[in-house]
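A.B. asks: Starting off with a structure, shown below.
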Ligand code: G3I
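Residue numbers (this note's numbering): 63 to 409.
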């Protein structure tokens, strides 16, 4: 019984995949993904720096392969992400002299980017993370990104409008991280209400869910329910749970590789003790209980499949050994995987 099948009466279960999968079929990873997930999202290949590295130069090779992979496996395909301050090339925002472009120019570039990308996969990509990470917990809640600085708050609604015009049938989402933090929750509600009040299509709020073992569950549930009460779906879009302690001080990549650092911040580098496997399971199970308790949760997507390839091995410094996902480095299902499955099997 694959994961997605077990949870089919609750929500879709998705995986973020990369070109190591969709360009190389018939791997262990491929078998896991085909057997356990009914939705996919691309980790990197649809980001603006990959799609349009220079103005007017569109690169669709990996994105095409990704979409074909999802179609071949009859999956709900999610595009990630249209407008984000990170992994967006400088040419969007500055002219040759290095000055910010005008509002009109940036809106025009945004429109061309969104319409070209969404238009290419019209009817094939079923949902888009339209705007990613627009809020912060400080001040008025708006992240001072180039998008915000040059266009103003309106950049969000323009992005949703352009995406909707390019594919009127596609679902459109606002996506962000740490949305359990009260200030970020409120800022998100403000952004989404603006769209709803103006009658602009938005189907859901994506909660990235890059959690730690001690991320507060009550706060997560409060946000899930608050977002649902706006009348939109709630998507869990980038779920993974780090078992490593988060460094409190700023560390450079070099420090991260030192023995002292590893002893302090990479305590499980020789293998995860069973006790920690169980802690990870318990956290996943508790989260899934929250997700199952709220009807508006319509998809739960993991940010990766095997610990071997998790981005968390390299965050916030390179070469740590993290264990955030459901399959281990040898592609075997972990205690956490069985814990989540048991939730449904026991019913
Ligand atoms: O592909 C190149 C490789 O050729 C090169 O040798 C290597 C050198 O560093 O870099 C490789 O690209 C890296 C890429 O991941 C593929 O591994 C980039 O440097 C690196 O920046 C990129 O990181 C991605 C990150 O977004 C960028 O912000 C992670 O894979 C990806 O998991 C992560 O995903 C984000 C979501 O999009 C948004 N939410 C947060 C999440 C985690 O940061």
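Ideal Cβ placement from N, Cα and C applies to all residues, glycine included. The structure displayed is predicted, hence computed values, not measured ones.
1) Report back the beta-carbon spacing between residue 402 and residue 347 to the nearest angstrom; my notes put them in contact at under 8 Å.
2) With a 10 Å radius around its C-beta and 16 neighbouring C-beta atoms as the bar for buried, classify residue 191 as buried or exposed.
3) Within 10 Å of its beta-carbon, does residue 400 have 16 or more other beta-carbons around it, so buried, or fewer, so exposed?
4) Whose CA, out of 187, 183, 151, lies closest to the CA of residue 171?
5) Assuming residue 257 and residue 250 make a contact with CB atoms under 8 Å, what is their CB distance in whole Å?
6) Apart from the five residues on each side of it in sequence, which residues of its chain come closer than 6 Å, Cβ to Cβ, to residue 379?
7) Using DSSP's beta-bridge definition, name the partner residues of residue 395.
8) For residue 321, is the classification buried or exposed, using 16 other Cβ atoms within 10 angstroms of its Cβ as the cut-off for buried?
9) Start and end of the alpha helix (DSSP H) containing residue 111?
10) What residue ranges within the stretch 305 to 378 form continuous beta strand (DSSP E) runs of no fewer than 3 residues, ordered along the chain?
11) Please work out which residues of its chain come closer than 6 Å, Cβ to Cβ, to residue 334, disregarding the five sequence neighbours upstream and downstream, and give them in chain order.
12) Are residue 302 and residue 387 touching if we call contact CB-CB under 9 Å?
13) State yes or no: is the C-beta of residue 273 nearer than 8 Å to some heavy atom of the ligand G3I?
14) Grab the span of the beta strand (DSSP E) containing residue 264 for me, first residue to last.
15) Does the pairing of the stretch 174 to 183 with the stretch 108 to 116 give three or more beta-carbon distances under 8 Å?
16) Take residue 85 as the anchor and find which of 246, 125, 195 has the nearest alpha-carbon.
17) Go through its chain and collect everything with a Cβ distance to residue 97's Cβ below 7 Å, but skip five positions before and after it.
18) Have a look at residue 338 and residue 398 and give me their C-alpha separation to the nearest angstrom.
19) For a test of the three-state rule: what should DSSP assign to residue 74, helix, strand or coil?
20) By the DSSP assignment, the alpha helix (DSSP H) with residue 98 in it spans what residues?
21) Helix, strand or coil, according to DSSP, for residue 298 in the structure here?
22) Around the Cβ of residue 308, are there at least 16 other Cβ atoms within 10 angstroms (buried) or fewer (exposed)?
23) Provide the residue span of the beta strand (DSSP E) that contains residue 427, from first to last.
24) When the distance is taken between beta carbons, is residue 145 closer than 9 Å to residue 209?
25) Give the range of the alpha helix (DSSP H) segment to which residue 285 is assigned.
26) To test your reading of the DSSP string, which unbroken beta strand (DSSP E) runs of 3 or more residues are found completely within the stretch 189 to 257?
27) Among the candidates 328, 93, 100, whose CA atom is the shortest distance from the CA of residue 416?
28) Under the rule that 16 or more other beta-carbon atoms within 10 Å means buried, what is residue 295, buried or exposed?
29) Buried or exposed for residue 66, please, with buried defined as at least 16 other CB atoms from any protein chain shown within 10 angstroms of its CB.
30) Do the CB positions of residue 102 and residue 128 come within less than 9 Å of each other?
31) Specify the secondary structure class of residue 3 as computed by DSSP and reduced to three states.
32) What are the residues that DSSP puts in a beta bridge with residue 162?
33) What residues in its chain sit with their C-beta under 8 Å from that of residue 220, if we drop five residues either side in the sequence?
C.D. replies: Walking through what the data contain:
1) About 6 Å; that satisfies the 8 Å criterion.
2) Under this definition residue 191 is a buried residue.
3) With fewer than 16 other CB atoms across the displayed protein chains lying within 10 angstroms of its CB, residue 400 is exposed.
4) In terms of CA proximity to residue 171, 151 leads the group 187, 183, 151.
5) Actually they are not in contact, since the Cβ atoms of residue 257 and residue 250 sit about 11 Å apart, beyond 8 Å.
6) Cβ within range, chain order: 313, 315, 318.
7) Under the DSSP definition of a beta bridge, residue 395 partners with 389.
8) Residue 321 comes out exposed.
9) Here the alpha helix (DSSP H) through residue 111 covers 110 to 113.
10) You should have 359 to 364.
11) Taking C-beta separations shorter than 6 Å and ignoring five residues to either side along the sequence, the partners of residue 334 in its chain run 385, following chain order.
12) For residue 302 and residue 387, yes; Cβs fall inside 9 Å.
13) The nearest non-hydrogen atom of the ligand G3I is 8 Å or more from the C-beta of residue 273.
14) No beta strand (DSSP E) holds residue 264; DSSP gives it neither H nor E.
15) Yes, since at least three Cβ pairs between the stretch 174 to 183 and the stretch 108 to 116 fall closer than 8 Å, the two stretches touch.
16) Ranking 246, 125, 195 by Cα distance to residue 85 puts 125 first.
17) Within the same chain, Cβ atoms closer than 7 Å to the Cβ of residue 97 are found at 64, the five residues on either side in sequence being excluded.
18) C-alpha separation (whole angstroms): 10 Å.
19) Of the three classes helix, strand and coil, the one that applies to residue 74 here is strand, per DSSP.
20) For residue 98, the enclosing alpha helix (DSSP H) begins and ends at 90 to 98.
21) In this structure, DSSP gives residue 298 an extended state, which the three-state scheme calls strand.
22) The residue is exposed, with fewer than 16 neighbouring Cβ atoms inside 10 Å.
23) It is not possible to answer for residue 427, since the shown part of the chain is limited to 63 through 409.
24) Closer than 9 Å, so yes.
25) For residue 285, the uninterrupted alpha helix (DSSP H) segment begins and ends at 279 to 290.
26) You should have 189 to 194, 233 to 238.
27) Since the displayed the chain opens at 63 and closes at 409, residue 416 lies outside it and no answer follows.
28) By the neighbour-count criterion, in which 16 or more other beta carbons inside 10 Å mark a residue as buried, residue 295 falls on the buried side.
29) The residue is buried, with at least 16 neighbouring Cβ atoms inside 10 Å.
30) Against a cut-off of 9 Å, the Cβ pair of residue 128 and residue 102 comes out as a contact.
31) Residue numbering for the chain in the displayed model covers 63 to 409; residue 3 lies beyond these limits and cannot be assessed.
32) 156.
33) Answer for residue 220: 169, 172, 173, 213, listed in chain order.
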